[in-house]
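These notes concern the structure reproduced below.
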Amino acid sequence: MRPSPETAFGHYRIISQLGAGGMGEVFLAEDTRLERKVALKILPEKFSVNSEGLNRFKQEAKAASALNHPNIITVYEIGEHDGTNFIATEFIDGKTLRGRLETGDLSFEEVLSIVIQTAEALAAAHAAGIVHRDIKPENIMIRPDGYVKVLDFGLAKLMERGNASAESEDATVKLVKTNPGVVMGTVAYMSPEQARGKDVDARSDIFSFGIVLYEMITGHTPFEGETMTDVLAAILNQEPASLISFVPDLPKELQRIAGKTLRKNREQRYQSTKDLLGDLKDLREELNHEAKLERSSAPNKSKISTSFSGNKDALLLTEFNNLTGDAVFDATLKMALAFSLEQSPYLEIFADERVRQTLRLMGYSSDERVTRELGKEICQRKGLKAFIAGTISNLGTTYVLTLEAVNTQTGETIGRQLEQAESKEQVLKALGQAASGLREKLGENIRSIEQFDAALELTTSSLEALKVFSLGFEQRLKGRNPEVIPFYKRAIELDPNFAYAYIELATIYDNTTQPKQAAEYVTKAFELRDRVSELEKLRITVFYYIFVTGELNKAIETLELYKQTYPRDERVFINLSDTYIRIGRFEKAIDAAHEALRLNSNNALNYINLGESLLHLNRFAEAKEVFERAFEQKLDNMWFYSYLYQIAFIENDTATMANQLAWFSGQAGGYVALNLQTGAAASQGQWRKSQGFSRRAIDLAIRSDAKAVAAQYAAEQALRIVFWSLDTGLLSEGDTKLKMAVKTQTNNALRMERNKVTLTRTALALAVAGQSAEANSLVDELTKEHPKDTLINELWLPTIRAASELQNGRAKEAIEESEITERFERAGEFYPQYIRGLAYLKLNKTKQAAAAFEKILKHRGEAPLSSIYPLAQLGKARATKDKAEYEKFFELWKEADKDMPALVEAKKEYDNLSR
């Protein structure tokens, strides 16, 4: 049945038709299960008879989507309904590149941004062995914010398989002649080898990319003709007209890049999209650098550009010389200047954390006031080329501000800017104007300054609020997160429009595991996003997607835009790494963490993200090396010890485990140590010891005013109880006492804190316990409160439904639900894989069951203290009926409580195998 607007199509509600073509019709629809908009592509009916080609397409489209790249459209589902094949993808609210080309409104900066993002997508796909085969403007979507998505991976291959069996030029011509509706748009973008019907590889996409680039520059394709056969002949035999004949002032490097993509001999083209991408990025950097050196006036041009022209140079800000006697300016003006200067994509401010560490290494107190003289010493020690010194003085009610950029080596002034404020209330405005003037003197072009120059008073118009905020910031630099909160709250009271304070307060609440409060303050910052700088807006938007809506793919997309504008901002890469960890993309998290470390080797967060990611990938030796490097940098953080404890547990190194626990003695986070021991005991089948540690951890967390942590611990212990029991079949026999224990534990968790962590874990525990009504009530609450949350909708809710299906005797449906989680199951603490394995066992599909359990056993680092891990080993033993697999389980539980039901049952099964 073909869909039509306002009708149901499976679990999709058709809203409207978006378009139609040879590849099928596209509808805007609502996924009624997950309550989200999707683009529903209905494939032509002829594809249904070509099952082999359709299967190949499914594999390739899934593989491309599985890359989870922000510039590749996400495929949610590839399925069939009433004999009609369809693809459900994310809905992109934007225009195709074709639409933008038709309006003719692309600036050169936009062209460069679009081609770089497109190349990013292709590079990721090619690295995974996936060739697109149909790169053209119709398959490049551009959102209103400039973000690019590449569409329809795999469809071209399906088309080729469905229409031509012979790989020859004749076959291609036949394809052209017999399918004009399908391939007319494609022909003009074919590579020569594609036109000849030969095998294609990534270099074919590079040629098609070159055609798109050529069209974006000139307004037309390089190979044209009256008929499709003429176009093919041009692709095969003609050279494109020179770009410079159409755009005389086009950068020579871009001409070279475009020309290299369009070489007919693929051996002479770029051999990888990675190389092409590198050249495009180098071009962008070069153009930005040239723009930076532009001047609106000639004086001192050579002196300034040679004194301070490196993109990687950082500026140190010294304390203002306050000659007014008014303490409100102390520390306040330096912070305000940092707010203003960090808007620039071209300047990097030497971070306060790095200043403090350098002071310690120099033998000073980390609180030492950084005067002009001390600033010069710091710069010389760290190899910084320049510092900025500021002065404020007054004559009556008039204030004079002076900013001076100084060459560290020569002491020569690179640039000086003076501004006057007629009153104290005008000081921040004058400082912002002085900062903009100094940016120009440091080499930034006028266009950039105008684009990234929100008035400083938009951050805050209140000196008093900024003063209080700076006092809180001092506490944060000392690692005293709880002490920061009252200062930031007071700053917000003094200026309710202080968006930066809201977002910083939210990060403090997140760092102290108070997610509801974090979401509350991010929401307030988001409401103020239209009155802040571009940099602040990007940060606020990222945190809004992470903490409020939970749309982690959108968070990553925003971070990629953030990275393009501010490539030297360490925070971009910290948040990218953290977000990739959240969704189980540990390889990408490592890449981002490495870049963050390159930018700042003195931030503990960078070592935490890198070490954690390596741990999750079973790269234990490398993870330990990372934390050793952190210790060498004189850094200290409880998560170093937590992860080292988990590695030592996996390696059965009890001495190292004890050493890590010793650090926690007397520390504020002592409940973390108790929770580590809870997990370790549970993983070894030591139920009584685990319960004891759990009670103590929860109690200490409550006494430490960390109720959200305590609630999480209680919910996790409830899960341990039910999964132990699910394995032995106790719950299916109606163990009332056990069900009451689970209900008590989950109720305690929810009484302490109802956030998405506790709600998902308690709902899963109740579903496993067979308490469907209670579980469904929590599912409804999650669906209502977090309708767009990536992990809730694509990981936790399907896992909860899978558990319910399994308990209700519907193993096949449990498998189907668990398979929804596959994109994110590496972030699921082994629960989806384990439920899938149990469901396959119920169906007596032992090979599939063993494979599901093996996915857990091969990735122990994903959840090192998980009690599911040994149960997966037992599951594999039951699936294979192999005594050696049972013996591996017995080794894992060699110190378990002897009366653990799972252990007792396993021994009986083992003995039966011997008979």
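Just so we're aligned, residue 3 is where the sequence shown starts under my numbering, counting upward by one. From the three backbone atoms N, C-alpha and C, an ideal C-beta is built for every residue, glycine too.
Using a Cβ distance threshold of 8 Å, Thr-404 and Lys-378 do not count as a contacting pair. CA-to-CA, the gap between Leu-440 and Gly-434 works out to about 10 Å. With respect to the C-alpha of Ala-625, the residue from Gln-419, His-13, Ile-610, Arg-828 having the closest C-alpha is Ile-610. Restricting attention to Ile-74, Pro-498, Val-544, Leu-339, the CA atom closest to the CA of Phe-575 is found in Val-544. Rounded to whole angstroms, the gap between the alpha carbons of Leu-808 and Ser-820 is 10 Å. For His-222, the secondary structure class from DSSP, reduced to helix, strand or coil, is coil. In the three-state scheme derived from DSSP, where H, G and I count as helix and E and B as strand, Asn-654 is classed as coil. The Cβ atoms of Ala-520 and Phe-500 do not sit closer than 8 Å to each other.
When the Cα atoms are used, Arg-584 and Ala-829 turn out to be separated by approximately 6 Å. Beta-bridge annotation (DSSP): Gln-422 is paired with Val-402. For Trp-798, the CB contacts under 6 Å within the same chain, skipping 5 residues up- and downstream, are Thr-762 in chain order. Non-local C-beta neighbours of Ala-316 in its own chain, meaning closer than 6 Å and more than five positions away in sequence, comprise Glu-350, Phe-352, Leu-386, ordered along the chain. By the Cβ criterion, the segment 319–338 is not in contact with the segment 413–421, since fewer than three pairs of Cβ atoms, one from each stretch, lie closer than 8 Å. Taking C-beta separations shorter than 6 Å and ignoring five residues to either side along the sequence, the partners of Ser-774 in its chain run Ser-806, following chain order.
Note: Leu-637 is not bridge-paired with any residue in the DSSP secondary-structure output.
Rounded to the nearest whole angstrom, the CA to CA distance from Phe-389 to Glu-446 is 16 Å.
Note: Glu-32 is bridge-paired with Arg-15, Lys-39 in the DSSP secondary-structure output. Arg-271 counts as buried, since no fewer than 16 other beta carbons sit within 10 angstroms of its beta carbon.
Take the alpha-carbon of Glu-111 and the one of Pro-517: they are about 39 Å apart. In the structure shown, Val-202 adopts coil according to DSSP, grouped into three states.
The segment 138–151 makes contact with the segment 109–125: 3 or more CB pairs, one atom from each, lie closer than 8 Å. Just so you know, the alpha carbons of Ser-346 and Ile-394 end up roughly 23 Å apart.
Unbroken beta strand (DSSP E) stretches of 3 residues or longer found wholly inside the segment 483–517: none. A Cβ-Cβ contact shorter than 8 Å links Gly-392 with Leu-335. Thr-746 counts as exposed, since fewer than 16 other C-beta atoms from the protein chains shown sit within 10 angstroms of its C-beta. In chain order, Gly-96, Lys-97, Leu-99, Arg-102, Ile-116, Val-150 place their CB closer than 7 Å to the CB of Ile-144, counting only its own chain and leaving out the 5 sequence neighbours on each side.
Counting along the chain, the unbroken beta strand (DSSP E) around Thr-86 starts and ends at 86–92. From the listed residues Thr-514, Ala-123, Tyr-673, Glu-614, the smallest Cα separation to Arg-697 is found for Tyr-673. Residue pairing by DSSP puts Lys-151 in a beta bridge opposite Met-143. Within the same chain, Cβ atoms closer than 7 Å to the Cβ of Val-330 are found at Leu-465, Glu-466, Lys-469, the five residues on either side in sequence being excluded. Distance from the Cα of Lys-262 is smallest, within the candidate group Lys-39, Leu-282, Leu-540, for Leu-282. Short of 6 Å from the beta carbon of Phe-528, and not among the five residues preceding or following it, lie these beta carbons of its own chain, in chain order: Ile-542, Tyr-546.
Distances from the CA of Lys-844 to each of Glu-815, Asp-84, Tyr-871, Ala-660 were compared; the closest alpha carbon is that of Glu-815. Leu-465: member of the alpha helix (DSSP H) spanning 465–479, first to last residue. Distance from the CA of Glu-718 to the CA of Lys-849, rounded to the nearest whole angstrom, comes to 30 Å. The residue from Gly-474, Glu-344, Leu-563 with its alpha-carbon nearest to that of Ile-451 is Glu-344.
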